[in-house]
Every structure is written in C-alpha cells, then in structure tokens.
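The next block holds one structure in the form of structure tokens; read it before the comments.
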Amino acid sequence: MTNSPTAMRAASPRVWQRMLSGRRLDLLDPSPLDVEFADIAHGLARVARWNGQTSGAHIFSVAQHTLLVEAVMREKNPRIDARLRLAALLHDAPEYVIGDMISPFKAVIGESYKRVERRLLGAIHIRFGLPAVLDEAIERQIKAADRGSAYLEAIHLAGFTKTEAKRLFGNDPGLPEAMVEDYLTPWPAGKAEKRLLARFQSLQD
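For what it's worth, my numbering labels the leading residue of the sequence shown as 97, then goes sequentially.
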C-alpha cells in the first residue's frame, strides 16, 4: 500500500467539472481563469427554475430568470450602472455548476451549500471585473429584483395565487405588460442561451 501524492489524488473524489469550453472548474477552489461566460450561458439555459414545476412547453430556465431580474432592475432605474446590471445578470451564475436548488431544500442542507455557492460566485465576479463580495447596498437591490421576479414567476408559471406570492416574495414589480409576456413565456434552451450571451456582451461593451 502506498501513500504517495499520486495515489492519494487518485483515491480522492473528483471535485471538478469539465466544461464544453475545455475548462476544468474546481468546486472547492474555483479559479477565475477557469470561468467562461459561454459555459455559464449554456449551463443556465438548461437548468430549470422551480424544480421544473412550471407551465409551458419548455422549462423556465435560470438563464431566462437572470434576464428577468436584470430587466426588473433596469425598469425600476433606467440609469442604473452597467456594472450593477452585470452583477444582477451573474447573481445565480454558480448554478451552471451546482444546479438550482429550491429555497426550502437549501434551508435543509444549510451552510455547506452556501459556502460552495459563495466561492463560485466570488471567482465568477473576479473573472468579469467585479468585487468577489458585493457591497451590501448592491446586494439588497439585486435581492429586491430577484424577489420581484420570483413573484412574477410564481403567479404566471408556478401556480401560486397573488396572495401567496405577495406573502412569500413581496409586491409585484410592475413590469410593462409586453415585458411580462416576453420574459414570462418560457423559451427554448437555445433562445435563452443566445439572449443571455447577447445581454452579457452588451453590458461588457
């Protein structure tokens, strides 16, 4: 029996995922250099919100959700800084690796999930020029837009009554009807991926 580093590494469980870009992202020690937005967009377009319990011919993807969150922020404050919009677009980006767990299950799992999520989000932020940890005021704005988006998703897609949605997620964010119809109609994965990539590029430009 040997205790050589090679043998020990071979015996250890794998904690990295290979991406279609060829990058290998380590979940325990993620490097910003291994983060590519094309991988994020591809993954998030194929991750279902609400555990897939939504109406429509397609899943309502995390990619579409992040676009909705950014749209809610933009509608509330048209002059909001592009970096803040980018932070909103990336707020669920770790889910391209770890999937989207519904809030009740996150509460059951506890801090271990949150630690992995925070590490991944920090690496993603650094990769795209944001602080690893956002200012609390920015976090609050993103959270408010996230809850407003969840309200809309709950009543339009997930079978909640308006009373239930208001109790759990707060008030209707008041998006124009045309935007509600667009962002709350589940898109095919390819469309969600392309629109997320295009929005990211516009914010980078």
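Don't be surprised by glycine CBs; every beta carbon is placed ideally from N, CA and C.
Query raised in the report: What is the DSSP secondary structure of L124, reduced to helix, strand or coil?
Result: Position 28 of the sequence shown, counting from 1, holds the residue named residue 124. DSSP places L124 in coil when its eight states are reduced to three.
Query raised in the report: Run through DSSP, which three-state label would V157 get?
Result: The residue you call residue 157 lines up with position 61 of the sequence shown. The question names Val, but residue 157 is Ser in the sequence shown. DSSP places S157 in strand when its eight states are reduced to three.
Query raised in the report: If you run the structure through DSSP and keep just helix, strand and coil, what is W112?
Result: As a first step, residue 112 is located in the sequence shown; it is residue number 16 there, counting from the start. DSSP places W112 in strand when its eight states are reduced to three.
**Report entry** Top-ranked residue by Cα proximity to D301, from K202, T257, Q149 and A178
**Finding:** Walking along the sequence shown from the start, residue 301 turns up at place 205. Answer by Cα proximity: A178.
Query raised in the report: L185: buried (16+ other C-beta within 10 angstroms of its C-beta) or exposed?
Result: Against the sequence shown, residue 185 aligns to sequence position 89. Within 10 angstroms of the beta-carbon of L185 lie 16 or more other beta-carbons, which makes it buried.
**Report entry** Separation of E277 from K290, as counted between CA atoms
**Finding:** Taking the sequence shown and counting its residues from 1, the one referred to as residue 290 is at position 194. Taking the sequence shown and counting its residues from 1, the one referred to as residue 277 is at position 181. Answer to the nearest angstrom: the Cα atoms are 19 Å apart.
Query raised in the report: Whose CA, out of S117, L217 and Q149, lies closest to the CA of L123?
Result: If you number the sequence shown from 1, residue 123 lands on position 27. Of S117, L217 and Q149, the residue nearest in Cα terms is L217.
Requested in this report: Look up A144 in the DSSP assignment and give the residues it is bridged to.
Outcome: As a working note, residue 144 is residue 48 in the sequence shown. According to DSSP, A144 bridges with S157.
Query raised in the report: Which residue comes first and which comes last in the alpha helix (DSSP H) that contains V193?
Result: Counting from 1 along the sequence shown, the entry for residue 193 is found at position 97. V193 -> alpha helix (DSSP H) spans E191 to I194.
Query - Assigned secondary structure, R105 (DSSP; H/G/I helix, E/B strand, else coil) - result: Here residue 105 corresponds to residue number 9 of the sequence shown, with the count starting at 1. With a pLDDT of 47 at R105, under the threshold of 50, the predicted position of this residue should be treated as unreliable, though the coordinate-derived value follows. The three-state reading of DSSP puts R105 in helix, counting H, G and I together.
Query raised in the report: Would you say P269 and V168 are within 9 Å of each other, going by their C-beta atoms?
Result: Within the sequence shown, numbered from 1, the residue matching residue 269 stands at position 173. Within the sequence shown, numbered from 1, the residue matching residue 168 stands at position 72. Yes. Within cutoff.
Query raised in the report: Taking buried to mean at least 16 other C-beta atoms within 10 Å of its own C-beta, is P128 buried or exposed?
Result: As a position in the sequence shown, residue 128 is number 32, starting the count at 1. By the 16-neighbour rule on beta-carbons within 10 angstroms, P128 is exposed.
Query raised in the report: Which of the three DSSP states, helix, strand or coil, is assigned to M197?
Result: As a first step, residue 197 must be located in the sequence shown, where it is residue number 101. Looking at M197 - three-state DSSP - the assignment turns out to be coil, as it is neither helix nor strand.
Query raised in the report: Do you know how far the Cα of H252 is from the Cα of G195?
Result: By 1-based counting over the sequence shown, the position of residue 195 is 99. By 1-based counting over the sequence shown, the position of residue 252 is 156. Straight-line spacing of the CA atoms in G195 and H252 works out to 22 Å.
Query raised in the report: Does DSSP put G244 in a helix, in a strand, or in coil?
Result: Counting from one through the sequence shown, the residue named residue 244 turns up at place 148. DSSP places G244 in helix when its eight states are reduced to three.
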